[in-house]
Every structure is written in structure tokens, then in C-alpha cells.
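Novice:
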Amino acid sequence: MILAPRYLPRLAATIGLFTRYGLRDFARRQGLQGIAPDPAEAEEGEESSDAREQAIAFRRRLVELGPAYIKLGQVLSTRPDLLPAIYVEELEQLQDDVDPVPFAIVSATVEKELQGRLSKLFASFDEEPLGTASLGQVHAAELRNGRSVVVKVQRPGIRAQLADDVEFFRELATFLAAHSRAGARVDLVGVIQQLERALADELDYRIEARNAASMRRSLATYPRLLIPKVIEGYTTEKVLTTERIRGVKISEISPLTRLDYDFRPVAEEIVRAYLQQITIDGHFHADPHPGNIFVVLPGTENPWTPSETVANNRRSVTRTAHTPLAIVEEKAREEAAPLPVDLDVKLSLIDFGMTARLSSELKEGVIRLLTAIADNRGDEAAGTMVEMGDPIEDFDRTAYQREIAALIGRNYDLSIGEVQAGEVMYELINASYQHGLRMPAELTLLAKTLFNLDAVGRSLDPTFSPIETIREFGDRLVTERARQEFSPRRMLQAAAEAGDLIASLPHRIDLISTRLANNEFAVRVDTPQIESLLSGLQKVANRIFSGLILAGLLVASAMLMPHRRSLGTIGFWIAGGLGVYMVLTIWFNDRKRR
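Be aware that the sequence shown starts at 463, since it is given in our numbering, and climbs by one per residue.
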């Protein structure tokens, strides 16, 4: 396969990306060096020998290269087998902060998508964005009914740009997989497929809206977690509108605030909520980095502060000619009712573009793996990883199990607060790839999620570790499953089935006894493979027997030659004819079987 000429500039930039910033070994392993060398960029790579500085420069260069490279970096952050740990840690912090789109373009996009004038759709709409990213930007606004909202608007032309970049990544990954053993081993094509799926979800805001609604329902029993409500009628493929929940970033919590409030309960609650998503729902928010989680202090969580009159509220409610005005006003008052004030610290989760789903089998495997990590059971963790993974040719299960057991064992002497579940998961996945065991993409996303949760928990409470919460959740999950298995309903169902069996047992025993007495009882064994094997052995025996007869004729003819030359010659001719016949028969029969 040959890359298209139009991709050569991007190829040079990609090679330079991995050769300039301390990743020459990676480029050499994947077969990147030598495809299109760029000496100028290679020389610039010698500027810094500090690994951390090079990792930071690598992250910044990804941002400079555009949205597709940013998303590629986010996918690479889930693959500790590809990049050194310090680069993976840096890519975990990958945030794209780009110049905002002019407001005139934003306004035109919103009006086109929502099919109305901005002034009619919103009471106010801030021209300055709250935040900008490579795929879109977010503006604060207020609906005609007084509800404060945030509106995410997709950048124009971003789809075409990403499609071209992803096509280049796909061709490059296919080329490296075909020409580099390492490229095939680490499944670079799978990395790009994961990137494509992530981008497809993030470019359709309707998918994000469905994810947010699903998470909101799933986590409704966790009072300290807030998920903004999606505003129906204001959300399309390119525009997403949600209620605004005011909060501060975790990193911006002041030391005085930490003294005033207890953050440990909310840290435990967010871990329990994610464990429910992972082990029960099988659908989890895969991007809980600190930038997507806001701290909501008591008294500030009300996402809606009405500022307009009932007259404005009326305009926000759909009304037909037959709808009484009183119903419209009542609906507006219900929507405008303030939320009750709580004294607990809460967390608000945003950005549900990246989620992951686990199959039933993978979900069960994850439960066993997390409990094995929490209880330091290395052999069980290794066995579970093998069940979930896909081994390649040279996978050595014994060596792999030894390393996993040793890896889990290293955490045995650590205190609960020192063990980080996400870090352990990353180490397990890295060891798996090194031994030739490919892991599902969902598991690498899970490792990234747990790694981010570790960081969130430490930001809220430096002494917090999710391991104890995981252990407690696992114990409750096992207890709940046992309770369900032995619930009265299940016991009644089992008793009914047992009753049916007992009731039919005398008839079945009588039927078997009658057939035995009448010599009508027969056991049929269907063994087509054994019959084929016996047939083959019979043919081999026939050939050996024919060969022995032929050998006997040859020996007898040789012994007769000194005494009865004519008989010896006849024997040789007969043996020769039989030999030719046997060779031809074997040859034709073998060709027929092919």
C-alpha cells in the first residue's frame, strides 16, 4: 500500500511529532522512521533531555496540529503499552483551548439548527463563550421562561476536516500494520477505529444528549451528584442546550473552602456512582477528568433563577388555541419553582460525548477483576484478564500469570490510601500487551476512567483512595446478588419447577422400566469423527499389508534367481506390477480426498 501524495505533509508532521519529543524508540518500533525522514525536525528534537518537558511539548504540539490529533492523543492516553507512562499522564491532561468562532457564525448556526431567530429563541445569549474547544464552544444564555442554560455550538466545517485527517490515520495505520511487526502486534488499526467511534459520537450532539439523559436517570439515587438536564426542542445534531449549574473547578477550590466543608462523602459517592455504571448498568461516562467535574457548594446548585415575568414564561410553553391560559401559567410556575437548598457539597458532571458500554460477559469480568485487585488476589486477576483478552501467537500464559501475580502482590504491603485502582489497571493492561494479550478497547477506557477518578478523589480529599470504596461496593453487590438468588419469588419458582419434576418422575421411571423389560432400550452414539479415523486406519493397515506382500515377493524372487532364474524373473515382474499399481492407487486416492 502507498500513501496518497496529498498526505505527505501530514505524514512528515506525524513523523516529526514522534521523533522530536523523545519518542524515537516508539517511532522506530512502529516503523515510522525511514518512511519520510525529516532531518530538520529531528535536529530540533535534541533541545530538551528532560522527559517531563518533552511530554509537555508533545501534548502542546498535538493541540497545534488540530482536533483530530487532539482526539488521537486522548485515545493514546488509554494505551499505556504504546507510550511511556510520563506521556500517558501528560495526555490525560490534554485540553484543547483554541480561538473562539466569531459570534456572527455562532448565531447563524444556532438559528439554522433551531429554525428561529436568536432573539425569539432566547431572552439573552452571551456573545463571549464560557469555553472553547476544537469541536465546538459553549455560551451562556437564558431561555424566554427565565431558565439559565448553556448552549454548545459545533464549529462549522469541522466534520470535513476531521474526516480527511481520520482517513490519513487509517491509511497510515494499515500501512504500518502490514510493514511493521510491532504495528500489527499493538493493533494500530484498532486504535484508529476507536478514534473513529469516539469522533462519530462527539460530533452528533443528539448522542451526547441521550447519554446525559440516561446517566441522569441512572444516578438519580445519588443526591450529591448533579447532571444538567437537556432542554428538549433546543438540541440538534450541532447544538446542545442544557440547564446551567454554577460551580467551580476542583482545581480552583481554595484552602479556606476545604476547611469549611467535608469533601470525603462526595468523593466516596462519585466512586460508588461510577461503580454502579460499570458493574450494574454497563454504560459509563468515560471522561471524568477534573475539567468535566465542577464542585457545587451549598446554596449555589439552583440551576434556574427566574428573571422574567409570567408573560415571558407563557411564551416558553407550547400553547394551542384550545389550551386554557391557566394551564399555561401553572406549567410555567411549576418549571420556575426553585430547587431546595442542601447543605452537602455536590458535584456536577458535564460533557457526555465519550461513554462506553460493556457486554454482559465483559461486565462480569470487570467485577471479578476489580474485587481481585481490591483483595490482592493476583492469580484470579491474571485469569480474568486472560478470559477478557485476545491472545496472539506467542502469548506465554504461565509467564504472564507470574508477572500479574507479582504486580498485584506489590500492592499487598501498601496502605489502602496508597493503592490507586486506575494506576493498577493501567499496569495490568500494559503487561498484557507486552506479553501478547490484546485487551478490549472498553477495558482501556475503563482504566482511563478509574485513573481520572483517582485524580478527582485526591483533589477532593488527599487521603482518599477508591480501593476501600470498591471493596465495600463489591461486598454489597455480592450480597445483593445472593439475596436476589434466594428471594421468596425465586424460591417459589424453584419449588414449582421441582414440583413439576417430582410429579412427572414416576411416569418417567415406569416408561424406562417398561422399555428395559421389553428389550426396547437402546443407546445411540453418533461418532462421525471416530468412524472417519477408523476408516483411515483401515486404509493404512491395507497399505502396510500390501507392502509386506510386495516385499515378500521381492525376497522370494531374489532367493529363486540362483536356482530357478525363470521363476525369479516372473516374481520380479509381478512385484514390479503390483508396486506400480499400489503407487498409482495411493496417488489417485489422495488426490480425490483433496
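Virtual Cβ for every residue (Gly too), placed ideally from N, Cα, C.
1) Please classify glycine 1038: does DSSP put it in a helix, a strand, or coil?
2) Taking DSSP's pairing of strands, which residues face proline 853 in a bridge?
3) Could you give the first and the last residue of the continuous beta strand (DSSP E) run that contains isoleucine 755?
4) Can you give the beta carbon distance from phenylalanine 725 to valine 807, rounded, assuming they're within the 8 angstroms contact cut?
5) On the CB-based measure, 16 or more other CB atoms within 10 Å of its CB, does valine 628 come out buried or exposed?
6) Whose CA, out of Leu592, Ala595, Ala570 and Glu590, lies closest to the CA of leucine 583?
7) Excluding the five sequence neighbours on either side, which residues of its own chain have a C-beta within less than 8 angstroms of the C-beta of isoleucine 789, listed in chain order?
8) Is leucine 687 closer than 8 angstroms to glutamate 731 when the C-beta atoms are compared?
9) Does DSSP put threonine 698 in a helix, a strand or coil?
10) Please classify glutamate 792 as buried or exposed, where buried requires at least 16 other C-beta atoms within 10 Å of its C-beta.
11) Of all the alpha helix (DSSP H) runs that stay within the bounds of the region 638-693, which reach a length of 4 or more residues?
12) For threonine 817, is the classification buried or exposed, using 16 other Cβ atoms within 10 angstroms of its Cβ as the cut-off for buried?
13) Since valine 611 and isoleucine 693 should fall inside the 8 angstroms C-beta cutoff, what is the C-beta to C-beta distance between them, to a whole number of angstroms?
14) If I'm right that threonine 698 touches arginine 668 with Cβ under 8 angstroms, what's the distance once you round it to whole angstroms?
15) What is the DSSP secondary structure of arginine 609, counted as helix, strand or coil?
16) Nearest to arginine 632 by CA position, among Asn754, Arg659 and Ala585, is which residue?
17) Is aspartate 907 near threonine 476, with beta carbons less than 8 angstroms apart?
18) Express the C-alpha separation of arginine 720 and leucine 811 in angstroms, rounding to a whole number.
19) For aspartate 923, collect the residues of the same chain with a Cβ closer than 6 angstroms to its Cβ; drop the 5 residues on either side in sequence, then sort them by chain order.
20) State the start and end residues of the unbroken beta strand (DSSP E) segment that holds threonine 817.
21) In chain order, what residues of the same chain have a beta carbon less than 8 angstroms from the beta carbon of glutamate 855, not counting five sequence neighbours either side?
22) Three-state secondary structure (DSSP) at phenylalanine 480?
23) Just tell me which of Ser716, Gly744, Ile740 and Ala748 has its CA closest to the CA of leucine 759.
24) Determine the DSSP secondary structure at alanine 748, reduced to helix, strand or coil.
25) Could you round the C-beta distance between alanine 903 and glutamine 656 to whole angstroms and report it? I think they count as a contact, below 8 angstroms.
26) Taking 8 angstroms as the limit between beta carbons, can you name the residues of its chain near serine 586, skipping five residues before and five after?
27) Terminal residues of the continuous alpha helix (DSSP H) containing serine 586?
28) Are the Cβ atoms of histidine 745 and serine 676 separated by less than 8 angstroms?
29) Could you tell me how far apart the beta carbons of glycine 815 and aspartate 663 are, in whole angstroms, since I believe they sit closer than 8 angstroms?
30) Considering only the alpha carbon of each residue, which of Val568, Pro750 and Ala893 lies closest to glutamate 590?
31) Does the Cβ-Cβ distance between threonine 931 and arginine 734 come in under 8 angstroms?
32) When you compare only the Cα positions, how much space is there between phenylalanine 637 and valine 550?
33) Whose C-beta lies closer than 6 angstroms to the C-beta of glycine 496 among residues of the same chain, with five residues either side of it excluded?
34) Skipping 5 residues on each side, what residues in its chain have a beta carbon closer than 6 angstroms to that of leucine 820?
35) Compute the Euclidean distance between the alpha carbons of leucine 624 and asparagine 754, then round it to the nearest angstrom.
36) Pull up the CB-CB distance for isoleucine 742 and alanine 836, whole angstroms please, since I reckon it's below 8 angstroms.
Specialist: Quick look at the numbers:
1) In the displayed model, glycine 1038 falls within a helix according to three-state DSSP.
2) Note: proline 853 is bridge-paired with Leu899 in the DSSP secondary-structure output.
3) Residues 755-758.
4) Indeed, because the Cβ distance is near 6 angstroms, the residues count as touching under 8 angstroms.
5) Looking at its Cβ environment, which holds 16 or more other Cβ atoms inside 10 Å, valine 628 is buried.
6) Looking at the Cα atoms, Ala570 is the closest of the given residues.
7) Since pLDDT at isoleucine 789 reaches only 39, below the 50 mark, its modelled position is unreliable, and the value read off the structure follows with that caveat. If we look at isoleucine 789 and ignore the five residues flanking it on each side, it has no Cβ neighbours.
8) A contact, by the Cβ cut-off of 8 angstroms.
9) Coil.
10) Its pLDDT being 44, under 50, glutamate 792 is placed unreliably by the model, and nothing is read from it.
11) Every unbroken stretch of the alpha helix (DSSP H) spanning 4 or more residues and falling wholly within the region 638-693 is given here in chain order: 643-647, 650-664 and 667-680.
12) Buried, since its Cβ has 16 or more Cβ neighbours within 10 Å.
13) Indeed, because the Cβ distance is near 6 angstroms, the residues count as touching under 8 angstroms.
14) Right, the Cβ-Cβ distance comes to about 7 angstroms (below 8 angstroms), so this counts as a contact.
15) If DSSP states are grouped into helix, strand and coil, arginine 609 belongs with coil.
16) Looking at Asn754, Arg659 and Ala585, the one whose alpha-carbon comes closest to that of arginine 632 is Arg659.
17) Per the sequence shown, residue 907 should be read as leucine rather than aspartate. No, the Cβ-Cβ distance between leucine 907 and threonine 476 is not below 8 angstroms.
18) Their backbone Cα atoms lie some 20 angstroms apart in a straight line.
19) Once the five neighbours on either side are set aside, the close Cβ partners of aspartate 923 are Phe725, Arg726 and Ala729.
20) Looking at the DSSP string, the run of the beta strand (DSSP E) that includes threonine 817 is 817-819.
21) Excluding sequence neighbours, glutamate 855 sits near Gly898.
22) Helix.
23) Measuring from the Cα of leucine 759, the nearest candidate turns out to be Ser716.
24) Coil at alanine 748, not helix or strand.
25) About 5 angstroms separates the two Cβ atoms, so the contact holds.
26) The residues are Ala603 and Glu604.
27) Residue range 584-587 is occupied by the beta strand (DSSP E) that includes serine 586, with no alpha helix (DSSP H) assigned at that position.
28) Remark: C-beta atoms of histidine 745 and serine 676 approach each other more closely than 8 angstroms.
29) About 6 angstroms separates the two Cβ atoms, so the contact holds.
30) Of the candidates Val568, Pro750 and Ala893, the one whose C-alpha sits nearest the C-alpha of glutamate 590 is Val568.
31) In this structure, threonine 931 sits near arginine 734, with a CB-CB distance shorter than 8 angstroms.
32) When rounded, the distance between both Cα atoms is 24 angstroms.
33) Confidence is the limiting factor: at glycine 496 the pLDDT is only 46, short of 50, which leaves the residue's position unreliable and the question unanswerable from this model.
34) Closer than 6 angstroms at the Cβ level, and outside the excluded window around leucine 820, lie Gly744 and Glu904.
35) In a straight line, the C-alpha of leucine 624 is about 23 angstroms away from that of asparagine 754.
36) For isoleucine 742 against alanine 836, the beta-carbon gap comes to about 17 angstroms, at or over 8 angstroms, which does not count as contact.
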